[in-house]
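In this note's numbering, the protein residues as written are -18 to 38.
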């Protein structure tokens, strides 16, 4: 948030069932609230929107 890292993606994949990317991450407890909007920086330099959600997505 505001350019400060709050965690990292540990795994991710495209879900044909949900028609979107899903992933698991380790984030700071202060950002665990469901619905929290985050930005994800991918290994290829793309920035994507992300939202904290309950399992199983």
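Glycine residues also receive a C-beta, built at the ideal position from the N, C-alpha and C atoms.
Residue pairing from DSSP places residue 6 in a beta bridge opposite -10. Per DSSP, the continuous beta strand (DSSP E) segment holding residue 21 begins and ends at 18 to 22. Beta-carbon to beta-carbon, residue -13 and residue 19 are separated by about 7 Å, close enough to satisfy the 8 Å threshold.
By the criterion of a C-beta distance shorter than 6 Å, residue 29 is surrounded in its chain by 21, once the five residues flanking it on both sides are discounted. By a beta-carbon distance limit of 8 Å, residue 6 contacts residue -11. Their separation comes to about 6 Å.
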